[in-house]
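Colleague: Final position of the sequence shown in our numbering is 464; the numbers increase by one with none missing.
Each residue gets a CB set at the ideal place from its N, CA and C atoms; glycine is no exception.
For clarity, every value in this text was computed on a predicted model and none was experimentally measured.
Sharing a structure below in structure tokens format, with a few things to ask.
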Amino acid sequence: MSKTNREIYRAQMDAVKASQALRQKIERFAAEPAQENQTPKRKHRNWKYAAAGAMAAVLVCVLLLASFPFPVSSSSGMVNLMAGISPRAQAASVSAMDENFLRAQADFSVKLLQKASEKGKNSLASPFSVTSALAMTANGADGNTLSQFQQLLGGGIPLEELNRQYAAWANRLTANGSKLKSANSVWYGKDRVTVQKEFLRSNADYYKADAYQADFGSRDIVAQINGWVKNHTGGKIDRVVQSVDPQTVMYLINALYFEDDWSSPYYTGENKDYEEFHTPNGTVTRQFLTSREDYLHDNRAQGMYKPFQDERYAFVAILPNEGIDLDSYVSGLTGEQFLNLVKSKDDRVDFKLPKFKYEYETQLNESLKALGLTDAFQPEQADFSKMGSTPGGSLFIGSVLHKTFLQVDEVGAKAGAVTEVMMTVSSAPEDFKKVVFNRPFVCAIVDTQTNLPIFLGTVTDPLQ
């Protein structure tokens with residue numbers, strides 16, 4: 001639905017005073033209006049395009065003061081200190097992406113999934129989002145704390161180069177009408193911490209981060225932070241902060257939102273195609289999407305590669321071979337293997353993929369510690385002296401919260417009537433290879449130039 005049509009649609013819904021809950025449900029399934037000059041080849045069917053769902057992620061890094069409680073007040077007095085200040089253009093100028101950075105990001109992506117996923121449950125992480133928030137935090141670190149950030153995020157490359165590499169990568173992915181929207185912000189408590197100007201400057205230059213000074217003791221600060229997150233995730237994630245701890249002095253937040261249609265859309269007809277999906281806890285019946293896509297394979301798995309209209313992105317689904325369960329496959333996966341698998345496409349194959357939609361939330365403290373980022377979480381060891389100074393105590397990371405949302409399905413509704421429809425395609429020769437994702441699998445949204453995952457997760461139950 002175009003912007004103009006969407007505005008008209010919303011106005012019509014307002015006119016009949018539809019409830020907010022019903023309107024949101026309808027809009028999620030609203031179909032693209034048929035064009036008068038387009039006639040489907042099979043006139044006996046009513047065809048509609050099927051679109052990819054939305055993906056959203058948010059990463060919140062919470063900086064605490066070791067021991068210094070602050071009072072509660074009634075108004076936050078929020079001020080954006082970066083309003084009107086543009087990033088310096090030369091900050092993101094790199095001639096080519098550094099191989100060490102790319103390898104480190106691939107390894108970090110896979111290891112993050114391994115540490116953050118829960119056995120037998122759907123999981124989803126955005127390495128891009130996590131890297132963004134942690135790299136912003138790294139700009140306030142020094143000493144061994146900084147070294148651990150550099151090793152984890154960039155394979156040991158210096159912070160300045162890490163900043164430049166990430167900025168160049170992010171700028172390419174989000175520029176020129178990109179369907180990927182990324183936003184960063186630094187929130188710090190008025191009278192709780194005096195922030196170094198160079199820390200804010202670096203995060204503005206390389207991460208385009210807004211910097212908000214607010215009264216963390218106010219009663220409306222939670223709504224303001226959550227409102228910022230909701231606004232930058234297409235409304236998919238609306239709450240990441242429940243309350244502000246008296247010891248909290250700073251939040252570093254990345255919000256990420258992706259929504260696009262398939263390059264080669266599914267066609268939905270009147271028939272419904274339901275098949276069994278074998279979860280760890282039993283068999284469920286789910287509606288499947290059918291299409292012919294690029295085929296991926298190695299000696300442990302096979303998969304599909306389906307581009308979006310924005311050619312910078314593609315959807316990848318990976319099905320472990322028979323006899324290899326999902327947990328074993330993920331635990332044995334490496335960054336290099338993931339990149340090689342995504343590059344392996346060499347044929348066209350028929351695929352059946354279940355519709356799925358889920359949210360995932362996890363605290364990454366222990367996962368990041370297991371990956372080598374230990375000092376930042378220890379009050380006695382953390383060195384964030386380049387971030388700022390406080391009235392008393394020392395700065396350290398109290399919490400790294402990651403929330404994600406993923407939806408892959410087809411759109412099919414008109415005028416408030418939610419209608420489930422399914423795609424059909426012309427039949428292939430009997431000897432044409434078919435792959436059915438009817439058991440747990442890995443899914444990803446990848447950058448088609450570097451093959452790095454922007455989102456990476458597992459689907460154990462499409463109905464979960």
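Output yes or no for whether 8 Å exceeds the beta carbon distance between Ala133 and Phe149.
Modeller: On the sequence shown, position 133 is the one that residue 133 refers to. On the sequence shown, position 149 is the one that residue 149 refers to. The answer is no: Cβ separation not under 8 Å.
Colleague: Using alpha carbons as the reference points, say which of Val79, Pro354, Phe384 lies closest to Gln464.
Modeller: As a first step, residue 464 must be located in the sequence shown, where it is residue number 464. The residue with the shortest Cα to Cα distance from Gln464 is Pro354.
Colleague: Does the region 395 to 410 come close enough to the region 354 to 371 that 3 or more CB-CB pairs lie under 8 Å?
Modeller: Segments in contact, yes.
Colleague: In the DSSP assignment, find the unbroken alpha helix (DSSP H) run with Trp228 in it and report its ends.
Modeller: Position 228 of the sequence shown, counted from the start, is the residue given in the question as residue 228. Where Trp228 is concerned, the enclosing alpha helix (DSSP H) stretches over 221 to 231.
Colleague: Check whether the region 158 to 173 touches the region 220 to 236, counting contact only when three or more Cβ pairs, one atom from each stretch, lie closer than 8 Å.
Modeller: Judged by Cβ distances under 8 Å, the region 158 to 173 makes no contact with the region 220 to 236, as fewer than three pairs qualify.
Colleague: Under the assumption that Asn231 contacts Val58 (Cβ atoms under 8 Å), give the Cβ distance between them as a whole number of angstroms.
Modeller: On the sequence shown, position 231 is the one that residue 231 refers to. On the sequence shown, position 58 is the one that residue 58 refers to. Their Cβ separation, rounded to whole angstroms, is 11 Å, which puts Asn231 and Val58 out of contact at 8 Å.
Colleague: Do Gly335 and Ala106 count as a contact pair if the criterion is CB distance below 8 Å?
Modeller: For this step, residue 106 is matched to residue 106 along the sequence shown. For this step, residue 335 is matched to residue 335 along the sequence shown. Yes, the Cβ-Cβ distance between Ala106 and Gly335 is below 8 Å.
Colleague: Hey, quick one: how far does the beta strand (DSSP E) through Leu333 stretch, first residue to last?
Modeller: In the sequence shown, residue 333 corresponds to position 333, counting from 1. Taken as a continuous stretch (DSSP letters only), Leu333 belongs to no beta strand (DSSP E), as it is neither H nor E.
Colleague: Between Val349 and Gly234, what straight-line distance do the alpha-carbon atoms span, to the nearest angstrom?
Modeller: The sequence position of residue 349 within the sequence shown is 349, counting from 1. The sequence position of residue 234 within the sequence shown is 234, counting from 1. Distance between the alpha carbons of Val349 and Gly234 is about 34 Å.
Colleague: Using a Cβ-Cβ cutoff of less than 8 Å, which residues in the same chain neighbour Gln302 once the five nearest sequence positions on both sides are dropped?
Modeller: Your numbering for residue 302 matches position 302 in the sequence shown. So the qualifying residues of the chain are Tyr295, Leu296, Ile318, Leu319, Asn321, Val435.
Colleague: Taking the CB atoms as reference points, tell me whether Ala214 and Tyr166 lie closer together than 8 Å.
Modeller: The residue given as residue 214 occupies position 214 in the sequence shown. The residue given as residue 166 occupies position 166 in the sequence shown. Taking 8 Å as the Cβ cut-off, Ala214 and Tyr166 do not qualify as a contacting pair.
Colleague: Short check: CB of Val110 to CB of Ala314, under 8 Å?
Modeller: Residue 110 sits at position 110 when you count from the first residue of the sequence shown. Residue 314 sits at position 314 when you count from the first residue of the sequence shown. It is not a contact, given that the beta carbons lie outside the stated cut-off.
Colleague: Cα separation between Pro462 and Phe277?
Modeller: Residue numbering aside, residue 462 sits at position 462 when the sequence shown is read from its first letter. Residue numbering aside, residue 277 sits at position 277 when the sequence shown is read from its first letter. Those two C-alpha atoms are separated by around 8 Å.
Colleague: Is the region 181 to 201 touching the region 383 to 397 in the sense that three or more CB pairs, one from each, lie closer than 8 Å?
Modeller: Verdict: yes, contact present.
Colleague: Select from Val316, Glu361, Leu373, Arg300 the residue whose C-alpha is nearest the C-alpha of Gly323.
Modeller: In the sequence shown, residue 323 corresponds to position 323, counting from 1. Closest option to Gly323, Cα to Cα, is Arg300.
Colleague: Provide the residue span of the beta strand (DSSP E) that contains Trp189, from first to last.
Modeller: Mapped onto the sequence shown, residue 189 falls at position 189. Inspection of the sequence shows that residue 189 is occupied by Gly rather than by Trp. Residues 180 to 189.
Colleague: Inspect the beta-carbon positions of Tyr188 and Val249 and report whether they are closer than 8 Å.
Modeller: Sequence index remark: in the sequence shown, residue 188 carries index 188 (1-based). Sequence index remark: in the sequence shown, residue 249 carries index 249 (1-based). In this structure, Val249 lies closer than 8 Å to Tyr188 by Cβ.
Colleague: Can you give me the start and stop residues for the beta strand (DSSP E) that Ser399 sits inside?
Modeller: On the sequence shown, residue 399 is found 399 positions in, with the first residue counted as 1. That run of the beta strand (DSSP E) goes 395 to 408.
Colleague: Report the three-state DSSP secondary structure of Met250 (helix, strand or coil).
Modeller: Working through the sequence shown from its first residue, we reach residue 250 at position 250. Strand, per DSSP.
Colleague: Using only alpha-carbon positions, find the residue among Thr131, Gly155, Ala211 that is nearest to Asn80.
Modeller: What you label residue 80 is simply residue 80 of the sequence shown in a count that begins at 1. For the residues Thr131, Gly155, Ala211, the minimum Cα distance to Asn80 belongs to Ala211.
Colleague: Name the one or two DSSP bridge partners that Glu293 has.
Modeller: Mapped onto the sequence shown, residue 293 falls at position 293. Beta-bridge pairing links Glu293 to Val349.
Colleague: Nearest to Asp142 by CA position, among Leu452, Lys403, Ala376, Ile454, is which residue?
Modeller: The residue given as residue 142 occupies position 142 in the sequence shown. Measuring from the Cα of Asp142, the nearest candidate turns out to be Ala376.
Colleague: Counting only runs of 3+ residues fully inside the region 116 to 152, write out the beta strand (DSSP E) ranges in chain order.
Modeller: Segments of the beta strand (DSSP E) lying fully in the region 116 to 152: 123 to 125.
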